[in-house]
Each structure stands twice: as structure tokens, then as C-alpha cells.
Amino acid sequence: MSSHRRRAYPQPAYSDQAYGAPTNYGAPAANGAPVAPSAAAAGATPGAGAPFPGVAAANNPVSPAAGPYGPTVDQLSQGVNQLNLGGQPASPAYTANQGYGQPAAQSAQYGQQNGGVYGQPAGGAYNQPAGGAYNQGGAYNQPAAGAYGQPAQQSAYPQGAGVGAGAAYGQPAATPLNQLYSTDLLKELPPPIADLQFPPPPIILPPATTTTASDDSNSDFNYFRSTLNVVPSTSGLLKKCKLPFAIVVRPYVSLHDTDDPVPVVSDCVIARCRRCRAYINPFIHFTENGRRWRCNFCGLLNDVPSAFDFNQVTSAQMNRLERNELNHGVVEFVAPPEYMVRPPQPIVYVFVLDVCKFSIQNGLLATVTRTILETLDRIPNNTGRARVAFLAVDSGISYFAIPRDDEKDKETQMMIVSDTEETLIPSPEGILVNLKESRQNVEKLLGSLPDYFAHSLSTDSALGPALKSAHSLISHIGGKIEVFTSTLPNVGIGKLTVRDENSVSGKPKEASALLTPNSSFYKSFAVECNKSQVTVDMFLTGSSYQDVATLSNLPRFTAGQTHFYPAWSANSVEDITKLSKEVSNHLSMDIGLEAVLRVRGSNGLRMHSFFGNFFNRSSDLCSFPTFPRDQSYVIEVSIEDYISKPTIYFQAAVLHTTCFGERRIRVMTLALPTSKDLKDIYASADQLAIVNYFTHKAIEKALSSSLNDARDYLLKSVVDILTVYKKEIVPGNLGSSSPLQICTNLRMLPLLLQALSKNIAFRVGRVPSDHRAAALNKLGSLPLPYLARAIYPTVYSLHTMTDDCGLPYDGEDDPYDIPPKKHGEIVLPEANNASCMNLARYGLYLINNSSELFLYVGGDAVPQLVEDVFGVQSLGEVKIGKTDLPELENEFNTRVRNIISKVREAVDTIEYLNLYVVVGPASNENATNTALSRDVIPLRIWCMSDMVEDRATSNLSYKEYLGQLREKISS
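Each residue of the sequence shown is one higher than the last, beginning at 1 in the UniProt record's numbering.
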């Protein structure tokens, strides 16, 4: 227990009708302490709604204040003092147990009681004893129930990767695969969102599957995961289960190799199967006294390379079983010369800068040039081969011939080409220059560029011709074209016009009229760029229509990204900060050059649908001119032949050139068990990977048909899965009374798919087409952790957080905690359900949706909370909207800022989240106040759209949605 300075805060009184009082989730006992139920009353029977994949209370007791499932029965029976952090008595003072909440005598309606953590009860909302309301069976605090609902004695966390029966999550040898336990969705309210932090169901392989029994033999799920961790043995069984079979590939989980290094095979000895071309991996087997190895994909015997047992560094024999490729599911090979078509290309950037009137007025040109100037040292250029060029575009195209620094007698020349009908490069030399050799002149150009166009009055943008010029400049090398624009292209090839949104927005024809490309040039040009190893990235900052739906085709088919900043302005410090940080992070990213991705599967499997930002060069080869570090990809798999073997395999390989000129192959291998039993398949389904697949299919449906069809598809997918589960798996005596039974490892799937239909990409109603198109594009490329947060935002309650939150973790690394804790990293609070019912009028909450951060402060927040967080005397003085918190000399402000910084920081994305301060309604708020409506209400509505469990316009609440599902399944 850390000892921190605490202050006393005056407490207001509240009525019984307090906003957001979660009284319907169970009340504490009359004396304020929960009654310890018996094991039977607690629902200790395995599978009765037990959490997945938990840790048994007997094996890993958790803090009742911090544990994801609540206290155990034994801990509950010890009374309220033992449930406190440190057993502090209730007090009006701001302590770890009371916070900024209600006085103990007035807090029953808020689910608070004496001794509750920051005013929260030991047995109140979301933390009832096992026999409490909505918790029969222990949705949050199932006693003695472990991983995936298994009994405690079987649920110790794994010490290895689960390569044999009995290894994964303490599974006993007699139980070969994950056990199936059912949950009634109608009884699991509120839904147990802690499940979103859990890893996928463990992969349990037969004994002796691997060559070395290494814990890292199977690929980590952050790199390579499947929607089904037990694979159906036939295509008929796959169709019958209604669950999708797809794999999620994310070859890189950090922007820089130094942040997440993988084992490297540096001796250029690469063993591959002669028939299927799979790479040697931990699941092959040696035969004939080690002279040959049998491919685990096709079964062919291959010769072991003569240098396989020789260490080139020490010039001595080595133990082959110590080689990285036989011990790690994710490994990187240094490729020999035969993997190179040409000498390694340098990293190349061509900056296409909009210098039209709008970009000058909103400050885009000045901000971008200054950011590039400050980022030159961060561009990967250890070998000194990086090249850069600059093009300015309005109604014409301006080129800049930049001399080398040693050419003292030359100055940078600007050459303007006003004829945009034909692509013309005015000078063959000096436009694309070596950054190291011309560094000083590049810096001079970036410093003076805004002055060159300070008085530009042109409203025309010849972006299409500028793109063709940039492509001509680097097509023989390859590289990246970085486009920064605030103006709709309206001159020359690729010109666009403003579409009529009013007539079709929110109607069935919206997708076909507004979300499909308005010009064929951009897709055809993107394919041409891909062939030339050129990637295009778009940074769009206009305050008016920019046709994101059309322009995003360029990045989509060239492995780039579209970054959308609506109504961006340099008058806002926050806007400048966001754009500058993201551009800087983007330019400093370790990208792979001339990359291709191929995914192989065992005999009987075929990769037949590919989703993500790339171009399909052939049936199974995905082409990436540059391989980004902040995207992921989904590949749908079909079963074409009967699978007779107990294990199948996938292998993804990315052949690429590193930023420092080395040809490498990143190989990820995944092994999965097979089964003929529908129960085994359901028990090991990965709900987050399934959501990722359905997201891509819904995007495809929206763009090819309509948004209504996409929403209907998501609903039908849930109905089909629940119907199959009811018909094929649920016992007959429960079929009529429990139509919404589902296995515990999929119990968040209906909530996530309904929340997806409420996302701005699919939401019912009128949404600006640029915003909807940008959201569709983003959902189609986000890595899975960010996608889950974009669909179901994370809500942190800051006024009730425990004493360790917002401070560095001072314990040892705990990878099995949910989420994992690392020494020295800021501790985050537990997440709350995304529902307005949980937003108390006096509370302080942080909401993260992967695009923005909302700091929501209740309209009845006590003055001391307002002063400590914002440094002002009253809520009316708080600056709302896009802002940042002031740095104040008090502990609570420091902890809140630490949490915001921790949520913002990431090593695997370039995104920097803006913070929006939102003030909630007060109990005496006058709704007719016009100033309040003009300034506060729109921001509040935007923030509340993240409360995806609630009803919004024509969207049902989650509880109503479950009722809809029940009717459809019953009928």
C-alpha cells in the first residue's frame, strides 16, 4: 500500500434519482457487507457462466479491488474491512476508499457503502457476491472457476506454449482440448467486458508435435492468430458451425525493430521444402539419423543443408536443436543473394505538398514543412542512402532542383510546369537527391517553402498530374509518395467534383453514391504504382469535402494509409501537435521495401479471400511496395479436402528489404489441432479474431451493396451462430427456456458485432460521407487491439480508481495479469462498461475509442475535484472541447495526466489521440439554455455515441438487441 498525500473534499448531497445510479445491478446487504453464499449458491458448477480464461482463485488469488472477476467466496465472507484497500474506514475525506464520491450515509443509491473503494461497495455494482443479481453462476466472480470455466484444480496458468496434452492452462492429460461451457446471454447483464482483455483460447497440440519442445514453438497470437483454434476436419462441419475460418496476420507489432526484436537466423542457411516451399520450422521432424527432415505441410522428405550444424561465427560445430528456426514460431532469416532481383533499393520519399489558398490559410504547408525539417534525423538512414524530393501543387506543379552541399556555387531552383496535360520532369537531375549529401540545402528549402507561396490565391489543385510526375520520378527505384492536401483535386487527370450528399445520405443508395470511387484514375494509378514498388500515403486536412472514398484507393492498393483530419487548423495547438507527431512517427517508421506476403497452409486448406491494404499480385501473393508497421491483414481459409491429421499448420512469410539494405524473410508458423466434434470447435473459437473477420466482410458488403445489407449481415451472422449453438450443442431441456445460450469464450461476440453496427462506418442516419469513408478505411486496416477498442471503447473511472493507478508499477513483471503489468509502467484502472448508466453525475471518466480521448466530467462534480484536475474553482470555468490538462501541483492531477499519457503512448501505431473535455449534465441543468446547447450539447452527443451498450436514435440498446435476437431465434 503506497502512502500518498490525501486531501479532504466536501461532499454534496444527491437525490434518490441520481443520474447513472446502477441500482439495478444488485444492492449491498443491509449492513453494508455482502453475505458469503455457499458454494452451491455461488454457482460453483463449472460452466455456469464462469469467466474465460480466468485464473482459479485457489491458484492465483486476486485483489478484491483490482481482480477482473471480483472477490472469491472466502474473501467475501471476511466482511467489508477485508475488502478495502488496506481496510480503511469510511470517511468524508478523499481516500483510497472514498474518493470524490458520495458520503457513506448518502451513497446507497449509487451502489456505495462504508469502506468501498473510492466510494464503491464491496458487494455493489459489478462486484456482487456470487449469488447476487445478474451473477448467478459467477459472471464476474465465479469462485474456484478457472480458465474458460474449468474447475480450479485444472486451471493454473501455463508455463509453456501448450505443445502437448496437459501443457496449456494446466489442462489435464485426459482432456485433449478446451472444454465447452455455456453462458446465457440474458443473464449476463451487464456483459463481462473484462473478457476483451483476455488472450484467445489456448492452442492444445498433441504430444511430441514439436521438434524441440520449445515454449515459443507456436507463433504468438499478437503476430498470427486464427478465428478457430480447433479446426474442423471437413468443409461440411465448417459450414455447419457457421463460424468463419480465417487467420489474422500482423507481421510487425512495433514501429521499430528495437522495440520488439525477433530471433534472427543470420548465416543465410535457409532450408525449404522442395515441393510446397514451406520454410523449416519447429514442427518438422528429422529422419534417417538427422540427414533428412519431413515437411509438416506436405509430408515430403528433404535433405538437411550441409551447413545446418555449423556455426559460421565461431567456425565450429553446433547443436542444430539450438537453431532459432527450430525453437521460435516467429523468426527472421537473412536472405542470400538469390532472393534479390536487383540490388537493395534505398528508402525514398517524394513529398507532394498542396500550396493552394486553403492549405496556406489553415497553416498546413507551414506545419508540414516544419515537421519534416524536425524529423530528418528520424528518417531511417543509417546507410546514408535515403533520397528525398519535393513537389508543390496548385493549378500547376513546382519542382525543386536541390544541389549537393559541396556545390557552393549553386542554389536551389524552383521550376514551375503549368501544363498539366502531360507529365513532364523539367530537369533530369537535382530533383531526387541524396538526403545526406544535400542535407543543408534540404533544410534551407523546407525553411523557405512557406514564404514562396505565402500569397497564393489559387483554389485549383492538379493533384492527379502531380502524382503521375512523382511516380515518373521514382518508378525506376520505388519508394513512398507522401501527399499533404486540403483541396479537392479539380484540375487535370483525376479531377473530382463535389457529390450531392443531401439527396442520398442516410438512404439505401448512400453507399453506391457516396462511398464508391468517383474516378477510375485512382485505382488504375494505384495498380501502376504497385508494379513500380511505389506506395502512396494521404494526409487529408480539408475543412470542406475531399472525397475520401475516392482518394483512399491510392493507399489501399499500394499498402499505404489514408490519414483524415477534418477541419484541421494551425490555429489549434492540439491540431498542430497531432499532425506533427503522426507525420514524424510515420516518417521514422522502419518499413520493409519491395515486400511480398504469402501464406501457406497444410494439404486440404486454401487461402481464398484477402483483406487489407495491398494488391493481390496472384492468387496467393500479396504485394507491398513498402510494408507498414501499423496495419494487419485477414485471410479467409477454405477446407477443400478431408483433414485426417490431428494437426494442421499455417505459415506466413514476408520477403522484404530492410531500411538498411538487407534482404530478409520474416516467417511465422502456427499449428492448430483438428477435430470432428462441433463442441471442440466452439470451445476454442477466438471471438476477437472472428470480429476482425466480420468487420472486413461487412465493409465489403457495404461497398458492394449497401450499408443496410452490411448491418443485416452482422445481425444474421449472430443469429446463425446462436441458432446452431442452440440446435446442435445446448441440451434439449434448455432449448426452449434459454434461446441465447453461447459458449463462454464467445459471449462477447453479439455485443461486439452490435457495437460494430453502431460505429460511424455503419451507423444508421446521416453521416458526412468523408467521415464514413475514413472510418471504413480505418476499420479495414487497424491491428486487432485497436480495432476492438474502436468498436467497443474503453471507459476508465478515474474518480474511483485505486491508489496504485496512475503511478508506476513497483512490482515484478506479471505477464499473466489482465492486462499484463510491467515494472515501471503506469498502472491503468479497470475498464467499465460503455453505458451511460455507469456515468455518475459526480464522476470523472476517460473514454478511449482509438481515434479520440474524451475526459468526461459529471455535471455535479464536487468543486475540489474540478480544482484538482483543471485548476479552476467551478465547473463553468473548465475549458471544454479539444484541449490538454494543465500541470498542477497535486497528486490526483499528476495521476490523471499519467494515465492519459500512458493511453496515448504506443510503440505500434503512429496515432496520437487528441483529448476532448466533455461536461455532463447536472441535476439542475436548464436544457433550454441556448449557449449551453450551442457549445456543449454537440460535443456531449459525440462523446455519448461511444456508449455503445445504450440506445441511440434508431439503434437498439444491447438489452433490446438481445431481445431481438431471442425473437429471431425462437421464430
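Ideal Cβ placement from N, Cα and C applies to all residues, glycine included.
Residue environment, residue i, which counts as buried when at least 16 other CB atoms sit within 10 Å
| i | result |
| --- | --- |
| R766 | exposed |
| I937 | exposed |
| M607 | buried |
| Q687 | buried |
| A702 | buried |
| V862 | buried |
| H285 | exposed |
| K676 | exposed |
| Q561 | buried |
| S552 | buried |
| S438 | buried |
| T558 | buried |
| G506 | exposed |
| N281 | buried |
Beta-carbon contacts of residue i that lie in its chain and below 6 Å, excluding the five residues immediately before and after
| i | result |
| --- | --- |
| G492 | T420, A462, G464, P465 |
| L540 | Q546, F564 |
| C268 | V334, P336 |
| N178 | Y148, P201, A683, S684 |
| L432 | R387, A389, L473 |
| Y339 | R663 |
Cβ-heavy atom distance, residue i to the ligand ZN, below 7 Å
| i | result |
| --- | --- |
| E322 | The ligand ZN is not part of this structure, which contains no ligands at all. |
Presumed contact (8 Å Cβ cut-off) between residue i and residue j, rounded CB distance
| i | j | result |
| --- | --- | --- |
| P251 | A511 | No, P251 and A511 are not in contact; Cβ-Cβ is about 31 Å, not under 8 Å. |
| F650 | G601 | 5 Å |
| P232 | N745 | With 8 Å as the limit, P232 and N745 do not qualify as a contact, their Cβ atoms being about 16 Å apart. |
| T367 | S580 | 7 Å |
| D590 | P380 | 6 Å |
| T658 | G329 | Not a contact, Cβ separation roughly 21 Å. |
For residue i, three-class secondary structure by DSSP
| i | result |
| --- | --- |
| L593 | strand |
| C295 | coil |
| T367 | helix |
| P251 | coil |
| K821 | strand |
| E830 | coil |
| V767 | coil |
| D451 | helix |
| P103 | With a pLDDT of 34 at P103, under the threshold of 50, the predicted position of this residue should be treated as unreliable, though the coordinate-derived value follows. Coil at P103, not helix or strand. |
| I360 | helix |
| V719 | helix |
| T487 | coil |
| H476 | coil |
| L301 | strand |
| L496 | coil |
| S906 | Position check: residue 906 holds Ala in this sequence, whereas Ser was assumed. Here A906 sits in coil by DSSP. |
| Y279 | strand |
| L655 | strand |
| F650 | strand |
| residue 972 | No answer is possible for residue 972: it lies beyond the span of the chain, which begins at 1 and ends at 971. |
| F198 | coil |
| R272 | strand |
| H285 | strand |
| F762 | coil |
Own chain residues within Cβ distance below 8 Å of residue i, not counting five before or after
| i | result |
| --- | --- |
| D641 | N603, G604 |
| E812 | H823 |
| A255 | Per the sequence shown, the amino acid found at residue 255 is Leu instead of Ala. Excluding positions up to five away in sequence, the list reads N585, S588, M589, D590, R629, D630, V907, D908, T909, I910. |
| E700 | F611 |
| R378 | S584, L587, S588 |
Residue-chain proximity (residue i, chain C), Cβ-Cβ < 8 Å
| i | result |
| --- | --- |
| Q533 | Judged by its chain identifiers, the structure shown contains no chain C, having just a single protein chain. |
Contact set for residue i: own chain, Cβ-Cβ below 7 Å, skip 5 residues either direction
| i | result |
| --- | --- |
| T423 | P465, K468, S469, S472 |
| residue 1048 | Because the chain in this structure spans residues 1 to 971, residue 1048 falls outside the shown range and cannot be described. |
| D257 | D590 |
Only counting runs of 4 or more residues, tell me where the alpha helix (DSSP H) segments fall wholly within the segment 839–884, in order along the chain. 863–870
Which full runs of the beta strand (DSSP E) of 3+ residues lie inside the segment 660–715, going along the chain? Runs of the beta strand (DSSP E) inside the segment 660–715: 663–675.
Runs of alpha helix (DSSP H) wholly within the segment 553–632 (minimum 4 residues, chain order): Correct list: 553–557, 573–588.
Runs of 4 residues minimum, wholly inside the segment 505–546: which ones carry the alpha helix (DSSP H) assignment? 521–531
Could you tell me which whole alpha helix (DSSP H) segments of length 4 or greater appear in the segment 206–246? 235–241
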